[in-house]
Structures are given as C-alpha cells and as structure tokens.
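Chains as they are written, first to last, in full-length UniProt numbering: chain A, 1 to 194; chain B, 1 to 194; chain C, 1 to 194; chain D, 1 to 194.
We put the beta carbon where it would ideally sit given N, CA and C, even for glycine.
Only a predicted model underlies this, so the values are computations on that prediction, with no experimental measurement involved.
Here is the structure we will look at, set down as structure tokens.
Number of protein chains: 4
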Amino acid sequence: MTLQDKLTTTKRTHILNAAARTFAEKGYHATTVRDVARAAGVADGTIYNHFQNKYALLLGLFTQMTEAAEPALNPAALTGLHLRELLREMLDQPLQSLRGENYELVRVVLSEALINRDLASAFRTGLLTPMLAGTVEVLRRRGDLRADPEDTVRLLSSLVLGLLLQAALGDEELQETWAVLPDRLADLLVGGLA
Amino acid sequence: MTLQDKLTTTKRTHILNAAARTFAEKGYHATTVRDVARAAGVADGTIYNHFQNKYALLLGLFTQMTEAAEPALNPAALTGLHLRELLREMLDQPLQSLRGENYELVRVVLSEALINRDLASAFRTGLLTPMLAGTVEVLRRRGDLRADPEDTVRLLSSLVLGLLLQAALGDEELQETWAVLPDRLADLLVGGLA
Amino acid sequence: MTLQDKLTTTKRTHILNAAARTFAEKGYHATTVRDVARAAGVADGTIYNHFQNKYALLLGLFTQMTEAAEPALNPAALTGLHLRELLREMLDQPLQSLRGENYELVRVVLSEALINRDLASAFRTGLLTPMLAGTVEVLRRRGDLRADPEDTVRLLSSLVLGLLLQAALGDEELQETWAVLPDRLADLLVGGLA
Amino acid sequence: MTLQDKLTTTKRTHILNAAARTFAEKGYHATTVRDVARAAGVADGTIYNHFQNKYALLLGLFTQMTEAAEPALNPAALTGLHLRELLREMLDQPLQSLRGENYELVRVVLSEALINRDLASAFRTGLLTPMLAGTVEVLRRRGDLRADPEDTVRLLSSLVLGLLLQAALGDEELQETWAVLPDRLADLLVGGLA
DNA sequence: GATGAATGAGGTTTCATTCAT
DNA sequence: CATGAATGAAACCTCATTCAT
Numbered sequence: 001m002t003l004q005d006k007l008t009t010t011k012r013t014h015i016l017n018a019a020a021r022t023f024a025e026k027g028y029h030a031t032t033v034r035d036v037a038r039a040a041g042v043a044d045g046t047i048y049n050h051f052q053n054k055y056a057l058l059l060g061l062f063t064q065m066t067e068a069a070e071p072a073l074n075p076a077a078l079t080g081l082h083l084r085e086l087l088r089e090m091l092d093q094p095l096q097s098l099r100g101e102n103y104e105l106v107r108v109v110l111s112e113a114l115i116n117r118d119l120a121s122a123f124r125t126g127l128l129t130p131m132l133a134g135t136v137e138v139l140r141r142r143g144d145l146r147a148d149p150e151d152t153v154r155l156l157s158s159l160v161l162g163l164l165l166q167a168a169l170g171d172e173e174l175q176e177t178w179a180v181l182p183d184r185l186a187d188l189l190v191g192g193l194a
Numbered sequence: 001m002t003l004q005d006k007l008t009t010t011k012r013t014h015i016l017n018a019a020a021r022t023f024a025e026k027g028y029h030a031t032t033v034r035d036v037a038r039a040a041g042v043a044d045g046t047i048y049n050h051f052q053n054k055y056a057l058l059l060g061l062f063t064q065m066t067e068a069a070e071p072a073l074n075p076a077a078l079t080g081l082h083l084r085e086l087l088r089e090m091l092d093q094p095l096q097s098l099r100g101e102n103y104e105l106v107r108v109v110l111s112e113a114l115i116n117r118d119l120a121s122a123f124r125t126g127l128l129t130p131m132l133a134g135t136v137e138v139l140r141r142r143g144d145l146r147a148d149p150e151d152t153v154r155l156l157s158s159l160v161l162g163l164l165l166q167a168a169l170g171d172e173e174l175q176e177t178w179a180v181l182p183d184r185l186a187d188l189l190v191g192g193l194a
Numbered sequence: 001m002t003l004q005d006k007l008t009t010t011k012r013t014h015i016l017n018a019a020a021r022t023f024a025e026k027g028y029h030a031t032t033v034r035d036v037a038r039a040a041g042v043a044d045g046t047i048y049n050h051f052q053n054k055y056a057l058l059l060g061l062f063t064q065m066t067e068a069a070e071p072a073l074n075p076a077a078l079t080g081l082h083l084r085e086l087l088r089e090m091l092d093q094p095l096q097s098l099r100g101e102n103y104e105l106v107r108v109v110l111s112e113a114l115i116n117r118d119l120a121s122a123f124r125t126g127l128l129t130p131m132l133a134g135t136v137e138v139l140r141r142r143g144d145l146r147a148d149p150e151d152t153v154r155l156l157s158s159l160v161l162g163l164l165l166q167a168a169l170g171d172e173e174l175q176e177t178w179a180v181l182p183d184r185l186a187d188l189l190v191g192g193l194a
Numbered sequence: 001m002t003l004q005d006k007l008t009t010t011k012r013t014h015i016l017n018a019a020a021r022t023f024a025e026k027g028y029h030a031t032t033v034r035d036v037a038r039a040a041g042v043a044d045g046t047i048y049n050h051f052q053n054k055y056a057l058l059l060g061l062f063t064q065m066t067e068a069a070e071p072a073l074n075p076a077a078l079t080g081l082h083l084r085e086l087l088r089e090m091l092d093q094p095l096q097s098l099r100g101e102n103y104e105l106v107r108v109v110l111s112e113a114l115i116n117r118d119l120a121s122a123f124r125t126g127l128l129t130p131m132l133a134g135t136v137e138v139l140r141r142r143g144d145l146r147a148d149p150e151d152t153v154r155l156l157s158s159l160v161l162g163l164l165l166q167a168a169l170g171d172e173e174l175q176e177t178w179a180v181l182p183d184r185l186a187d188l189l190v191g192g193l194a
C-alpha cells in the first residue's frame, strides 16, 4: 500500500466517520450529503470522489459495522466456561460490542434495513447468519447442553436482538439494568422458569 | 355519529389503508403523497382534507396499529392455563396479531421509530409498556412460577421483539418454523437449558 | 326591491364586510377565500354564489370605497369660507373620511392598485379625477385665489395623498399630529414659506 | 475582494436585476421564482444559492433602492441656492432619482410595504426618516425661511410622496408636466396661494 | 484529487374553484 | 341558495449529483 493509497483510505474513513455521526444524529433520510461534507470538513463534491452516491455511504457504514463485529462472531475463547457463564457471555458480548458510536449506527442501519430488501439481506448474511452459525458450533461441542443447539441459538439470538431493539428505541429502564441483565437472564435460562 | 361523519371516517380509513399499502411496499420516505393519493384513487389535495401532512399518515397508521394490538394486551383469558401453555400463548399471540397487513406495517413504523424520538416514545408507551404491564400482572398471580416475574417478562418481551425483528428483516427460515416455534421455545424456557 | 333582493343584498354586504376585515388584517394575497368565508360565517362555496371570484371581492370593496367617498367629492358646502378655512377643509376632509375601517381598506386597495393596471385606472377615474375636478370648480369661482387653480389642486391633492401614504405606512408621529396638521399646513400654504 | 467574490456579487446583482424586471412587470405575488430564474437565464435552484427565499429577493431590491437613494439624502450641495431654487431641487431630486428602472421598483416595494409591517418599517427608517432629517437640517440653517422648518419638511415630503404615488398609479397628465411641475409648485409654495 | 456553484427533477403543500347533495 | 369535500394546477423550495476551474 503506497502512501497515496493510505491517504486515500484515510480520507475515505474520515468521510465515513463524518457520515456515521450525522446519520446517527438525524437519520439517513434527514441527513443531506452537504451535512456529511460539512461534518467531514470537505466540499460537497469531494464526497463523490470517494463514494458513488449517498447510498454508498450507508453501505460503507454497514460494511464497517460487520467488520467491527467479526471478532465477536468467532467465539473460540468461550470453550472453557460453565454453561451459565457461556450464556452470559453470549448475551453480553453483542450488547457490549455495540456501545458508543456503533450503537447509534445500528439504529440507522437497522432502520433502513427494515425497508430496503437488499440491506436487509446483507444484514442477515453479513451479521446474523455467521453469528448464529458460529454459536451453534460452540454449543454443539458441549456435553452439558440438554436442549437442542439450534433452538437454543434461535432463542439466544432473538433475545439479543430484542434487547438491542428495545435499547435502540430508548428504553431507559433497560439501559439502567444493562449491567446485570445478562447475569439474571442467564440464570433464568439455565434453571428454567418453573 | 351522523351519516356525514360515517362517510368522512370511511374515507379517512380508505386513505389510511392506501397509505399502509404504499408505505409497506416502498417505505415511508420513498413514498410520495401522490403515491398514496393514486393508491387511494383520490386527488393529491384530498389527502390534506383528512390528514394534516404526510407525517400524520404515519401517525395514523401507528395509532391503528396500537388499537389493533390492544386486545392482545389484556390477557385475561390466560388464567387457567398450565405454565408451559401460558408461555406458548404469550409468545404466539403477539406474533399472530401481526400477520397479514399489520405485519408489513410493523416494518414501516418500526423503521421510522428507530430514528424518530417521538415515534419511538409513542411506540414504547403505546405498545410495549402496556403489554409488559399486563403480562407482569398475570404472572404475579400464579404460584407455579419460580422465577422473578419482572425478569420473566423482560425475557419474554425481548424474545418476541427479537423474533419479530428477524421476521421483519425477511428471515425465511424463521417464518417457516413460525408455526411450531412458540411450542419449542416454551419447552426450552420451562425446563431450562441445562 | 323585494324582500328576497334585500336579503341577497344584505348577505353580499355581509360577505364584503368580512372580506374588508380579513383583507385589512392580512392583505389581499395572504387572505384565502376560506378566511373570508370563516369571517363571514358562511361556507366556502357561498362566496361564489355572490361573487364571481376572489378578485371580485376586491373590486366590490373598491366600489364600496368610491361610493363612500362620493359625498366628499362634491364640496358645495365650502362656498362661504375664507381661503384659509377652505384649504384646511380640503386637506382635512379626505383624511377624516378614511378613519376607521375605511382607512385599512385604502391600504389594501392602494397596494393592489400599485400593481394592477386596471385597478389603478379605476382608482384614478373613480376617485382621484372626480375629486380634482370638483375641487377645481370650487377654486375657480373664488376671487381671492392668486394662484392658478389647476396647480393649486395638484398641490393639494398631492399633499393629501402623500399624507395618506405616510399614515398608511405607519408613521405614528404623523398620526399624532393628525388633528392639528391641516391647520398648520393651511397656514403655510396661504402665507407662503418666504 | 477576490475574483470569486466579484463573480458571486455579479451573479447576485444579475439575479436581482432579473427580479426587478419581473416584479415590476407582474408584481411580487404574481411573479414566480421560476419567472425570475428564466429572466436571469439560470436554473430555479440557482436563485436559492444567492437568496434565502423569494422574499429575500424583495428585500434585496429594497436595499438596492435605499442605497441608490442615499446620495439624494445628503443635500449638502443645496446651501448656496435661493429659497425658491432650494424648494425646486427638493421636489425635483427625489422624483428624478426614481426615473427609469428604479421608478418601477418603487411601485413594487411600495405595494408590498403597504401590507407588510416589516417592510413598511424598513421603508420609513431606511428612506423617509433620513430624507426628512437631512432636509430639516438644511432648512434650519437658512435665514430666509419664515415658516417652521419641521412643518415645511412635512409639507415637502408629503408633496413628493403624493406626486410619486400619482405617477406610480399611472397618472399620465402628471408625467407630462413632470418637467415643469417642480418649478410651478415651488413658485406657489414660496409666494403663497393668497 | 478538491472545490462549490449550478442544475433541475421532484417533493410537499396550498388554495381558488367546482359541483353533487 | 347553501354547503364543504374534492379537485389538481401550481407554488416554493430542497438536495443529490455534475462539472468547469
């Protein structure tokens, strides 16, 4: 990678970060390309030297998101844990990985994915499916899981997404108990409700 | 209610249905007021005789949604059931109540709620909170629930929302197992994973 | 005139008064036909049973104005006065005749007349010209006027219009001295400035 | 001022001139932004790169008017004249300064000022008040003025405005005698009517 | 590659006018 | 004659995108 390339990449990232901030604040549709340009400190036209169009900014952010989430998709480190701890981690990790800036981004991308078939598809194949697949593998290798691994994964993933959605919708009570929630839910899941 | 009122209400509903269809198909932002007018078979200006502006159409749909969901919020009929059956119903009912037209609407409203603070707030206070409150009551009165009712409700609601979100994102595998999923998840929850 | 005619005339006048109020408050262009209808307490469509279109309302008001001003156009009563008194009356009368509601109307009609050739023409032939003509006659018959009657009329009419315009533009200082102004200006005019 | 600034200023002025022409021809309200754009030979959107909205065009014209009238507001050159000549100039100058393009503009701006409080206020403080103030000063320093300077100014300004208004309303007779009118009126004023 | 003025299609909304009731 | 919902043309304005500098 030449210096030139590096500069280019830097500016691309710089613009993408600006887009992340503005999209997060006002949403994709309410944000103008000019908003992004101003936030990045560049001219309107410069955006188009790095991205084909406004939508490409959103796709770029989505890609950034999936790449950031990838480490969490390969839960090799979870092998030695007790089942309760494992569940706790499986609930906690996704939630933790989305704190801060990324958290706002999920809102924006998710919002658009709910409407845009392509983005929804990319969301599933790029994020959900690999996450589930990796998790199924981990569960399958364990001996202490009485339940069907696939059902368990479905349960866990739905739980995580549901929690995420509620947080994204501004549920403050949820965010306050965010710290202890994985523990308590893991307890419930392990022992059963009856 | 006079005849005139009835006609007015009818047309309002008619327009709202047209809005539901177009919004569901193209999303709120990509839909023009003219699209809605054409779908309703009226002139552009007629929309504004019944709704203050385009956003009021979205709000109208949201209200329609909450009113349609209200029956599901008062689970009085669930008193005599076994715990497993109760859980099954609690998972199944919300999912069932959103089949068909309403199902598409959730996508649209949810998409906008993720970005619009007001709508998010309305979504929580109009749908989520009453649903949770009703459910907590039902659980509290039972003697066979070992777990904390509030935690249980949090668990169930997150599960439902997560499933809903996945379905909204087009997860076909989920939709295929939709029929048996409540049963299987209820089993898992009652007995625990270990 | 039958009773029916009287009722019709009454309603026409009623609507015209409503139009006067609303036009005076918001101006002709910023006033909607619905505004007028609401002010008159009738339905939108009723306006069109009495006036061909919105512009006809303005014309109606203009006609009303000229008819109201007509008495002032025939200054038969001014024959016996001293010159100074005559001038004072000639300045004072037009200003007085426009107090209250009519005063606001002048603003509206004048505003439109400045742009609309037809209205401007009607304004001149219906108001200005007859006023000038009548005044010239009165002046001509006097022996104590040293100056040319036509020039004098031009002077007086311009003065009146200028004062009117300044008042219409909201000159508060002018309105405060409104009571004594004709006297003082008449003094100046009779004696000369040198 | 850089070249870029100059170009920008030029285009702003260019658009403003186009607005002047179209407003003068059809009036402010009957003129569409598209009309102005066409007259300026630019695209609709370009207007908004130089003016915030349609009303800003009117304000721009008003400012242009006041700036054009400013030289006439400082009558320093009138010190050495005889009273009769002074009056003649005071009547003539404002009328002369509004010939040609500006003359049409007065019609448009005045028309709107009669309805719009803000514009009326700006009209008074930006044009009338400074004109009057400057004139009072000049009169005060003279010894040959028998009359009260403030009354005299009020008389003169009203006269000028009245003449202007009549001209704006299309009084052709007035426009024909426009050349000799200041002379004759000055005579009347100096000598008095009796 | 960077700039930002220019573009013009297209969006939302208003409102004078009509007409069936 | 009165009503007021329906109409749809047309207005103002935005903004993604282009391109000459």
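Using a Cβ-Cβ cut-off of 8 Å, serine 97 of chain C does not count as an interface residue toward chain D, since no Cβ of chain D sits closer than that to its own. Aspartate 92 of chain D has a beta carbon lying at 8 Å or more from every beta carbon in chain C.
Counting only the Cα atoms, leucine 127 of chain A lies some 37 Å from histidine 82 of chain B. Annotated as proximal: leucine 57 of chain C and leucine 16 of chain C, with beta-carbon spacing under 8 Å. Rounded to the nearest whole angstrom, the CA to CA distance from isoleucine 115 of chain A to leucine 165 of chain A is 16 Å. Fewer than three beta-carbon pairs drawn from the region 142–149 of chain A and the region 143–151 of chain B are found closer than 8 Å, and the two stretches are therefore not classed as touching. Collapsing the DSSP output to three states places tyrosine 28 of chain A in coil. Burial check for aspartate 118 of chain B: the Cβ neighbour count within 10 Å stays below 16, so the residue is exposed. Approximately 5 Å separates the beta-carbon atoms of leucine 132 of chain B and valine 153 of chain B; this is inside 8 Å, confirming the contact. The alpha-carbon of threonine 31 of chain C is positioned some 54 Å away from that of glutamine 93 of chain B. The count of Cβ pairs closer than 8 Å, one atom from the region 20–30 of chain C and one from the region 104–113 of chain C, reaches three, so the stretches are in contact. Secondary structure in the UniProt DNA-binding region "H-T-H motif" (32–51) of chain D: the alpha helix (DSSP H) runs of 4 residues or longer, each lying completely within the stretch, are 33–40 and 44–50 in chain order. For threonine 66 of chain A, same chain residues with a beta-carbon under 6 Å away, outside a window of 5 residues either side, are Gly126 and Leu127 in chain order.
Residue burial annotation: alanine 37 of chain D is buried, with at least 16 other C-beta atoms found within 10 angstroms of its C-beta. Excluding five sequence positions before and after valine 136 of chain D, the CB atoms of its chain that fall closer than 7 Å to its own CB belong to Pro149, Glu150 and Val153, given in chain order.
For tyrosine 55 of chain A and histidine 14 of chain A, the gap between their C-alpha atoms comes out near 17 Å.
When the five nearest sequence neighbours on each side are left out, the beta carbons in the same chain lying within less than 8 Å of the beta carbon of valine 106 of chain A are those of Met65, Leu98, Leu164 and Ala168, in order along the chain. If you look at aspartate 118 of chain C, you'll find it in the alpha helix (DSSP H) that goes 117–123.
Boundaries of the alpha helix (DSSP H) around serine 158 of chain B: 149–168.
The beta carbon of leucine 185 of chain D falls within 8 Å of a beta carbon belonging to chain C, placing the residue at that interface.
Within the region 28–47 of chain D, Tyr28, His29 and Ala30 place their CB atoms closer than 9 Å to a CB of chain C, listed in sequence order. Annotation for serine 97 of chain A: no alpha helix (DSSP H) segment contains it, and DSSP assigns it neither H nor E.
At least one C-beta of chain B is nearer than 8 Å to the C-beta of aspartate 151 of chain A. Interface residue (Cβ-Cβ distance to chain C less than 8 Å): glycine 170 of chain D is classified as such. Here histidine 82 of chain A carries a coil assignment [DSSP, helix/strand/coil]. Between leucine 91 of chain D and alanine 186 of chain D, the C-beta gap is smaller than 8 Å, which places the two residues in contact. Boundaries for threonine 177 of chain A: no alpha helix (DSSP H) harbours it, and the DSSP string shows neither H nor E there. Between threonine 22 of chain A and alanine 43 of chain A, the CB-CB gap reaches or exceeds 8 Å. Under the Cβ criterion of 8 Å, leucine 110 of chain C is counted among the residues facing chain D.
Under the DSSP assignment, leucine 61 of chain B falls in the alpha helix (DSSP H) whose first and last residues are 54–69. Judged by DSSP in its simplified three-state form, glycine 191 of chain D adopts helix. It is roughly 16 Å from the alpha-carbon of leucine 87 of chain D to the alpha-carbon of serine 158 of chain C. The three-state reading of DSSP puts glycine 126 of chain C in helix, counting H, G and I together.
Taking 8 Å as the CB threshold, arginine 117 of chain A lines the interface with chain B. Here DSSP, grouped into helix, strand and coil, assigns glycine 134 of chain C to helix.
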